[in-house]
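Student: A single structure is presented below for examination.
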Amino acid sequence: MNDRPALGDLTALAAIVTHRSFRKAADELGVSPSTLSHMMRTLELKMGVRLLNRTTRSVSPTEAGERLVSRLQPVLKELDLALEEVDAVRSRPSGSLRINASEPAARLLMQSVVPAFLARYPDMSVDLATEGRLVDIVAGGFDAGVRLGEALPQDMIAVRFGGPVRFLAVASPAYLAGRKPPLVPDDLKEHACIRVRLPSGKLYRWEFEKHGQELTVDAPGPLTLDHPGLMTEAAADGMGIAYVPDRTAQPFIDTGKLVTVLDDWCPAIPGLFLYYPGHRHVPSGLKAFVDMLREMP
């Protein structure tokens with residue numbers, strides 16, 4: 001075949017067949033679905049054979065498309081490895097690293113890892129997006145995500161960092177003055193609690209554990225917030241009991257604006273993990289970032 005298809009077109013075809021979706025493949029490749037569709041029509045005309053079956057709701061490979069992609073995938077993988085070896089010889093990663101994280105996780109990264117990473121690798125840039133809701137990092141075009149261990153998607157490689165995390169029940173001394181402090185989680189039903197609305201829109205049921213006994217409480221209260229910093233400030237202002245991460249509460253505890261309650265019902269949990277797909281080629285910039293995470297105390 002003298003008029004050989006372009007490598008980019010073949011890579012796009014493999015992405016479409018892998019995802020069974022123009023939209024998801026377009027997100028991965030950083031192009032629009034309409035551009036991708038045009039590329040495929042051009043490829044089919046060039047090769048003289050239909051490669052994809054399209055409907056308004058789905059896309060699937062024809063027999064010719066399936067055969068072509070099955071032969072292409074190992075070739076593309078070898079190409080990625082070859083390019084990675086060349087990139088490694090350059091010694092300094094370059095390009096952009098896109099990470100999706102919750103706001104507290106992003107703040108932790110910004111305190112140490114991100115500045116050190118950019119100083120060590122001046123040819124890299126970091127695009128750090130903060131969202132409260134969980135997102136599909138592959139569909140969103142991210143290289144990696146950061147979440148608590150209990151919220152990690154399946155089939156991901158995860159790297160723990162930042163140490164354990166505790167959620168603390170806290171209140172101001174002024175709020176507790178003249179009130180009986182809660183001794184067990186069910187006692188919260190007699191208090192004004194600062195309720196938590198999750199990004200999904202649901203109200204969070206506070207979770208506690210002691211000696212293997214787990215309890216959840218639908219904490220009552222007149223105030224509902226969706227940001228740990230606001231919850232902590234509201235508790236410090238005497239508006240009730242909040243249930244927030246220890247890193248958020250600690251500065252207020254240190255100054256005496258907040259005290260903890262139900263300490264023995266608030267154990268540490270594994271904490272934060274950076275995660276990324278294990279089935280895809282890992283860019284050198286992401287590898288360098290992971291190595292730096294592991295260096296951090």
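Take full-length UniProt numbering: the final residue in the sequence shown is number 297, and no numbers are missing along the way.
Just so you know, even glycine gets a beta-carbon here, dropped at the ideal spot from N, CA and C.
Note that the structure is predicted; figures quoted are calculated from it, not measured.
To the nearest angstrom, report how far apart Arg197 and Phe167 are at their CA atoms.
Tutor: So the two alpha carbons sit approximately 16 Å from each other.
Student: Drop a sphere of 10 angstroms on the beta-carbon of Pro283, count the other beta-carbons inside from all chains shown, and report buried for 16 or more, exposed for fewer.
Tutor: Label assigned to Pro283: buried.
Student: Rounded C-beta distance between Ala171 and Gly240? I'm assuming under 8 Å.
Tutor: At roughly 7 Å, the Cβ-Cβ gap stays under 8 Å, so Ala171 and Gly240 are in contact.
Student: Contact defined as beta carbons within less than 8 Å: I believe Lys210 pairs with Trp265. What is the distance between those atoms, to the nearest angstrom?
Tutor: About 5 Å; that satisfies the 8 Å criterion.
Student: Ser125: buried (16+ other C-beta within 10 angstroms of its C-beta) or exposed?
Tutor: Counting Cβ neighbours within 10 Å, Ser125 comes out exposed, since fewer than 16 surround it.
Student: Considering only residues of the region 135-185, which uninterrupted beta strand (DSSP E) runs meet the minimum length of 3 residues and lie entirely inside it, listed in chain order?
Tutor: With a minimum length of 3 residues, the continuous beta strand (DSSP E) runs that stay inside the region 135-185 are 144-148, 156-161 and 165-171.
Student: Over what stretch of residues does the alpha helix (DSSP H) that includes Met239 continue unbroken?
Tutor: Counting along the chain, Met239 falls outside any alpha helix (DSSP H), and DSSP gives it neither H nor E.
Student: Return the CA-CA distance between Ala14 and Gly95, expressed in angstroms with no decimal places.
Tutor: Near 23 Å, if we compare the C-alpha coordinates of Gly95 and Ala14.
Student: Since I believe Asp155 is in contact with Leu97 (beta carbons under 8 Å), could you give me their beta-carbon distance rounded to a whole number of angstroms?
Tutor: Not a contact, Cβ separation roughly 21 Å.
Student: Ignore the nearest five residues each way along the sequence and tell me which others in Thr56's own chain have a CB closer than 8 Å to its CB.
Tutor: Counting only Cβ-Cβ distances below 8 Å, and skipping sequence neighbours, we find nothing.
Student: I'd like to know if the region 244-260 and the region 224-232 are in contact, where contact means that at least 3 CB-CB pairs between them fall below 8 Å.
Tutor: These segments touch.
Student: In whole angstroms, what is the alpha-carbon distance linking Phe161 and Asp9?
Tutor: Spanning the two alpha carbons is a distance of roughly 39 Å.
Student: If you compare alpha carbons, which of Tyr243, Val290 and Gln213 is closest to Thr224?
Tutor: The shortest Cα separation from Thr224 among Tyr243, Val290 and Gln213 belongs to Tyr243.
Student: Let me know if Pro93 comes out buried or exposed under the rule of 16 or more other beta-carbons within 10 Å of its beta-carbon.
Tutor: So Pro93 counts as buried.
Student: For the candidate residues Asp226, Ala12, Glu295 and Lys287, whose alpha-carbon lies nearest to that of Thr102?
Tutor: Looking at the sequence itself, residue 102 is Ser, so the reference to Thr does not match. Minimum Cα distance to Ser102 is reached at Asp226.
Student: Using beta-carbon positions only, say whether Asn100 and Ile157 come within less than 8 Å of one another.
Tutor: Cβ atoms of Asn100 and Ile157: not closer than 8 Å.
Student: Please report the straight-line C-alpha distance between Pro185 and Glu214, rounded to a whole angstrom.
Tutor: So the two alpha carbons sit approximately 10 Å from each other.
Student: Can you check whether the CB of Pro5 is closer than 8 Å to the CB of Leu43?
Tutor: Going by C-beta atoms, Leu43 is nearer than 8 Å to Pro5.
Student: Using DSSP bridges, identify the partner residues of Arg54.
Tutor: Bridge partners of Arg54: Val59.
Student: If I'm right that Val113 touches Leu262 with Cβ under 8 Å, what's the distance once you round it to whole angstroms?
Tutor: The pair is not a contact, with the Cβ atoms about 32 Å apart (cut-off 8 Å).
Student: With Met296 as the anchor, note down where its alpha helix (DSSP H) starts and where it stops.
Tutor: Segment: none, Met296 is in no alpha helix (DSSP H) and carries neither H nor E.
Student: If you follow the alpha helix (DSSP H) that Ser37 is in, where does it begin and where does it stop?
Tutor: Per DSSP, Ser37 belongs to the alpha helix (DSSP H) from Pro33 to Met47.
Student: I'd like the span of the beta strand (DSSP E) that includes Arg197, first residue to last.
Tutor: Unbroken run through Arg197: none, as it is neither H nor E.
Student: Anyone know if the C-beta pair for Arg195 and Ala219 falls short of 8 Å?
Tutor: The answer is yes: Cβ separation under 8 Å.
Student: Among the candidates Pro61, Leu109 and Leu203, whose CA atom is the shortest distance from the CA of Met296?
Tutor: For Met296, the nearest C-alpha among the options comes from Leu109.
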